[in-house]
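Since the structure comes first, as structure tokens, the remarks are kept for the end.
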Amino acid sequence: MGKGTAWRIWSGTGACAAALAGLLTAGAYSAADSPERSPAAAAEECPPGAERRTDSATVRDRHGISPAEAAEYERMLREARVSYREGTVTVPVAMHVITAADGTGDVPDAKVREQIEVMNRGFGGGYAGVDTGFRFELQEVTRTGDDAWFTSFEANEAKAKAELRRGGPETLNIYTVDMGSGVLGQSTFPQDYRTDPKADGVVVDYRTVPGGGRKGFDLGHTATHETGHWLGLFHTFQNGCSHPGDYVEDTPYEREQSSGCPEGRDTCPDKPGTDPVRNFMNYSDDPCLREFTQGQATRMSDHWHAFRDRQGNPAR
């Protein structure tokens, strides 16, 4: 797993993500009794760089990225050569369906296509929010039956990705596996490609694809969430109520991740706006998630042109 891995997971693990934003101690998530933590103390308790998505009692992403790491990624973005282009960016996608030897975990071609359609609708503003200008085009589907890779992907990640990964920094590689009881997905960040290109990509639990059976999380939005990380977005609750938040001006500050769909929640009452619980970069249930903001679209475009666009960055 690369330094910048971002995860979507269930809540005991999500507490670690919140701790790295200075919110919670490591351990089971409890919004009611979570003492404030310094970023330094939180960072000591949680592995660096991880951002996993989990279902509410579950975390969407396994560990949080520390404030120091977020600031470093921001510095790298500022220093990168950015070449802006107008129009839609079409991202090539390679989908790697990893199953058990007996076929458990298979994602049929029709479901693979439906997953891409869900991502295109989300990034295109088809649910709500803005059209980010990103579209995804499926170019290849690989299928691998391997019990160890399927149930213990993290332990076998380097080998699996070395064998399966396609393309360069501009190609989105998505791996479907059994991530266990709490984790929904994980992703690397664009800045990490230069130092660990083989680790680049998104991993999702096979049950999170449309109709996959993960209760509350089977509309396909885990892949959308993780791809947001792959394009440079942090969680909406990054840094809690403290500046600079998630480094996006038009997403309200949020003290901690959401679960379910708590519309109207305001965990940072001294800051403008209510919590962005419907934003794809939160931890709300799939039926709640529906939008990216213009600021997030701009940030993803910045990261694309700085770190992923081969045409604009031919040396990469």
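Residue numbers -31 to -1, 1 to 285, in mature numbering (1 follows the signal peptide of the UniProt record, and there is no 0), belong to the letters of the sequence shown in order.
Built from N, CA and C at the ideal position, the CB exists for glycine as well.
Next item on the list: Evaluate Ala70 with the Cβ neighbour count: other Cβ atoms within 10 Å of its Cβ, from every protein chain shown; 16 or more gives buried, anything less gives exposed.
Entry: Taking a 10 Å sphere around the C-beta of Ala70, we find fewer than 16 other C-beta atoms and assign the residue as exposed.
Next item on the list: Could you tell me which residues DSSP puts in a beta bridge with Ile56?
Entry: Rather than Ile, the amino acid found at residue 56 in this sequence is Gly. In the DSSP output, where bridge partners are listed per residue, Gly56 has none listed.
| task | For my contact list, Thr113 and Leu133 are in at a C-beta cut-off of 8 angstroms; report their separation, rounded to the angstrom. | result | 7 angstroms
Query raised in the report: Just to confirm, are Gly154 and His204 a CB contact at a threshold of 9 angstroms?
Result: No, the pair does not count as a contact, with Cβ atoms beyond the cut-off.
Next on the checklist: Measuring only the C-alpha atoms, how far is Ser35 from Val172?
Outcome noted: 21 angstroms
Would the beta-carbon of Thr157 fall within 9 angstroms of that of Asp169? Cβ atoms of Thr157 and Asp169: closer than 9 angstroms.
Practice item. Report the three-state DSSP secondary structure of Pro166 (helix, strand or coil). Key: DSSP places Pro166 in helix when its eight states are reduced to three.
* In the DSSP assignment, what residue or residues form a beta bridge with Ile143? -> Met64, Val171
To the nearest angstrom, how far is it from the Cα of residue 347 to the Cα of Tyr252?
An answer regarding residue 347 cannot be provided, because it is not within the stretch -31 to 285 covered by the chain.
Within 10 angstroms of the Cβ of Glu126, are there 16 or more other Cβ atoms? Answer buried if so, exposed if not. buried
Inset, instruction - Please name the residue, chosen from Val81, Gly56, Gly91, that lies closest to Ile67 on a Cα-to-Cα basis. - result: Val81
With distance defined between alpha-carbon atoms, name the residue in Cys257, Phe206, Thr140, Arg176 nearest to Glu218. Phe206
CB-CB under 8 angstroms to Val87, same chain, minus the five flanking residues each way: which ones, in chain order? Pro179, Leu188, Gly189, His190, Ala192, Thr193
* **CB of Ala275 within 9 angstroms of CB of Pro159, strictly** => yes
Checklist entry - DSSP state of Asn248, grouped into three classes? => result Asn248 falls in the strand class under three-state DSSP.
Q. Per DSSP, Glu260 forms a beta bridge with which residues?
A. Asn248
Just list the residues that DSSP pairs Glu106 with in beta bridges. DSSP lists Pro61 as partners of Glu106.
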